[in-house]
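Numbering (UniProt numbering), first residue to last: 1 to 422.
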C-alpha cells in the first residue's frame, strides 16, 4: 500500500527571517519549516565533518571516546538559533530537577535525564519509526552533515494512523499496513521533506513524523516547549494519566495511595506528572510576573524598546493562566496540601535567581534589546526583594486556583492599562 504525499515543507533563509516573523508564521500556527543559512559558523560544522563531507569519527573518538554522558562547558559546538531560544523546558532543567517527588527520581538523574538536547549519529539506511515528540514538545533538528528524508502528518489527521481502539500507532509507514487493523491509514495525506547538511527543521507540536537517513548523518536536536505549546503538554499529561489510571483501576480498592501510584506511573511513562508540571508552571509564572512588573515600573507604559518584551511576557502569563484554569478541577491538584512554591523561599533560592535572569536575558536577545539584558541582571536582586516585600500577594502556592489568584492580584496592583494579561 503506497502512501499519499501531497506537499513539501516550506523553506526560508534564516538570515532574512525575524523572530516575530518566525513566531507569527510558524510557531504560533504550529507549522513546520526548514530554515537555512544559520549553521555556517558552528564549530561542529568544521570539527565533526571531514573534507569529504563525511562524519569525522576520528574527532569524536579522540575527544569523547572515553565518555558516557558528560558536559564540556569549554567546548561550544553550536549556538542555538534565536528562533528556538524561548526554551522553557531546558532552561528549567538547567536549574531544577524535573521531579519534585523523590520516589520518581531516576538514579543519577542529573546525568541521565539532565535535559532534552541531543546529538544523533545515524548511518545510511537507518531510520526512526513514526512518532510524535516527547511531551508533544516542539523540536528542532539541525543536520551537521548528511541527508535525511522526513515524512510529516498534520495533527488534524493523526487519528488515521491509530488502530480502531486508538491505542497502537503504525510503526513504519512504508510497511504493508493492515487495512483491517488501521482502517484510516490509507486516507492519511503526508508532507515530504529532504533535509540537506546545513539545514534546520522546526517540528511543531503533535506532528507525527518518520525520518530516514539517506547518507551517514550527524544532527543536533532539541526538544522544547514554551507558552505557545503549553496546552499540548498538559493535554498529553491528562491523556497519559487517564491511561495509567485505567491500567491499574482493579487495584484501587486495595491500594493505600492510589493517586500517588498513578502519578508515579505517569512520571515514569511520560517524563513528568501533574505535580512536576504544576511546579514548573509556578516558577515560570513567578519569573514572568517579576519581569513584567519590573518593565512596567522602570519604563512606565512599556513603550518603545521594552514594549515587545512586555507584550511577550503578557502573552506568556495569559497562556499560563489559561492552562492553570484547565488544571483547577483536576482532583489530584484540588486538595493538594503540599506547598508547590513558597515565594519567599523562591526569592532566596539561587536556582530561581538564575532562572529569572536567563528568562530576562533570553527575551532581551530574541527581541534584539541587548541593553535590557544587562539592565535586568544588574537589578535582579533588588527587584526580587521589592516584589517579595509586597503584602498584597500570597506567599505560598498550593493549587492552580492559588496560581490564578496570584497572577490576578499582581496585575490588579499595577496600572491595568499598562500591565495586563492577554
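Every residue gets a Cβ at the ideal spot worked out from N, C-alpha and C, and that includes glycine.
Residue environment, residue i, which counts as buried when at least 16 other CB atoms sit within 10 Å
i: residue 146; result: buried
i: residue 143; result: buried
i: residue 11; result: exposed
i: residue 110; result: No answer about residue 110 holds up, because its pLDDT of 43 lies below 50 and its placement is not dependable.
i: residue 51; result: exposed
i: residue 210; result: buried
i: residue 64; result: exposed
i: residue 251; result: exposed
i: residue 44; result: buried
i: residue 66; result: exposed
i: residue 170; result: buried
C-alpha distance - residue i paired with residue j, whole-angstrom precision
i: residue 89; j: residue 232; result: 13 Å
i: residue 190; j: residue 8; result: 9 Å
i: residue 237; j: residue 335; result: 19 Å
i: residue 194; j: residue 276; result: 37 Å
i: residue 56; j: residue 188; result: 39 Å
i: residue 108; j: residue 328; result: The predicted position of residue 108 is uncertain, since its pLDDT is 43 and thus under 50; no value can be drawn from it.
i: residue 78; j: residue 203; result: 19 Å
i: residue 95; j: residue 351; result: 5 Å
i: residue 308; j: residue 177; result: 49 Å
i: residue 14; j: residue 68; result: 34 Å
i: residue 343; j: residue 396; result: 6 Å
i: residue 222; j: residue 131; result: 16 Å
i: residue 296; j: residue 278; result: 27 Å
i: residue 274; j: residue 75; result: 36 Å
i: residue 376; j: residue 84; result: 21 Å
i: residue 243; j: residue 32; result: 29 Å
i: residue 424; j: residue 117; result: The question about residue 424 has no answer, for the chain in this structure spans 1 to 422.
i: residue 267; j: residue 337; result: 20 Å
i: residue 359; j: residue 87; result: 9 Å
i: residue 112; j: residue 353; result: The pLDDT assigned to residue 112 is 41, lower than 50, so where the model puts this residue is not dependable, and the model offers no usable value.
i: residue 47; j: residue 34; result: 24 Å
i: residue 362; j: residue 371; result: 12 Å
i: residue 3; j: residue 134; result: 25 Å
i: residue 6; j: residue 152; result: 11 Å
i: residue 419; j: residue 269; result: In this prediction, residue 419 has a pLDDT of 48, which is less than 50 and means its spatial position is unreliable; what the coordinates show is noted afterwards. Approximately 39 Å, taken between the alpha carbons.
i: residue 173; j: residue 369; result: 46 Å
Spatially closest choice to residue i from the options, by CA coordinates
i: residue 412; options: 330, 289 and 24; result: 289
i: residue 49; options: 310, 351, 198 and 344; result: 198
i: residue 346; options: 187, 372 and 394; result: 394
i: residue 181; options: 196, 160, 174 and 192; result: 160
i: residue 248; options: 264, 235 and 234; result: 264
i: residue 166; options: 99, 325, 201 and 183; result: 183
i: residue 282; options: 322, 15, 261 and 378; result: 322
i: residue 367; options: 343, 310, 341 and 355; result: 310
i: residue 154; options: 30, 3 and 357; result: 30
i: residue 241; options: 297, 36, 225 and 262; result: 262
i: residue 20; options: 75, 82 and 58; result: 82
i: residue 126; options: 138, 117, 115 and 148; result: 148
i: residue 403; options: 135, 284, 208 and 220; result: 284
i: residue 121; options: 173, 220 and 91; result: 220
i: residue 80; options: 364, 136 and 140; result: 140
i: residue 453; options: 374, 407 and 18; result: Nothing can be reported for residue 453: it is not among the residues displayed for the chain, which extend from 1 to 422.
i: residue 36; options: 401, 319 and 201; result: 201
i: residue 99; options: 256, 239, 272 and 17; result: 272
Bridge partner(s) assigned by DSSP for residue i
i: residue 192; result: 8 and 151
i: residue 210; result: 151
i: residue 117; result: 222
i: residue 199; result: 36
i: residue 131; result: 209
i: residue 140; result: 202 and 222
i: residue 162; result: 169
Proximity test, Cβ basis, 7 Å: residue i and chain B
i: residue 310; result: Going by chain labels, chain B is absent from the structure shown, which holds only one protein chain.
Q) Does the pairing of the segment 211-219 with the segment 28-40 give three or more beta-carbon distances under 8 Å? A) The segment 211-219 makes no contact with the segment 28-40, as fewer than three CB pairs between them are under 8 Å.
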